[in-house]
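Accompanying notes for the structure given below.
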Amino acid sequence: MKTFLTQFFTWWNSQTLGTRLHTWRYGKRVGQDEVGNVYYEGGIDSEGRTRRWVIYRNYSEASAIPPGWHGWIHHRVDLAPASEDYKPRDWQKPHQPNLTGTPAAYRPKGSVLTNQHRPQVTGDYDAWTPGS
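Note that our numbering numbers the sequence shown so that position 52 is 52, with each residue one more than the last.
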């Protein structure tokens with residue numbers, strides 16, 4: 001019952017009731033990534049391509065899609081990472097979620113959220129003042 005109410009009243013928890021019905025009716029499961037997100041395709045979009053979508057395991061967070069699946073879902077590649085012929089490129093890094101707003105977020109030197117001091121200004125910049 002909790003799952004039904006969550007799907008009925010929220011859009012950020014995995015899938016909505018409408019998405020569940022659309023997936024049941026038109027979706028063909030393509031694969032699943034290591035995080036647990038499930039990928040589907042089915043139907044035709046407005047540009048004449050096969051429609052592709054993802055059902056997130058937990059919260060709907062676009063940065064939770066690994067690079068190989070990101071390329072597939074955006075029609076950059078035709079071969080889904082779940083297929084046997086898929087090989088990641090040499091330059092592809094392992095997936096890392098978006099860390100913004102977490103304690104592990106990037107904070108440069110001089111940020112008010114760190115205890116480091118701001119680097120000394122080199123003097124190669126003169127601020128504009130009116131009348132000068």
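Don't be surprised by glycine CBs; every beta carbon is placed ideally from N, CA and C.
Straight-line spacing of the CA atoms in His75 and Pro97 works out to 21 Å.
Short of 8 Å from the beta carbon of His117, and not among the five residues preceding or following it, lie these beta carbons of its own chain, in chain order: Lys109, Gly110.
By the Cβ criterion, the region 81-92 is in contact with the region 23-38, since at least three pairs of Cβ atoms, one from each stretch, lie closer than 8 Å. In the DSSP assignment, Ile55 falls outside any alpha helix (DSSP H) and within the unbroken beta strand (DSSP E) covering 50-55. For Gly36, the three-state secondary structure derived from DSSP is coil. The beta-bridge partner set that DSSP reports for Ile44 consists of Thr50.
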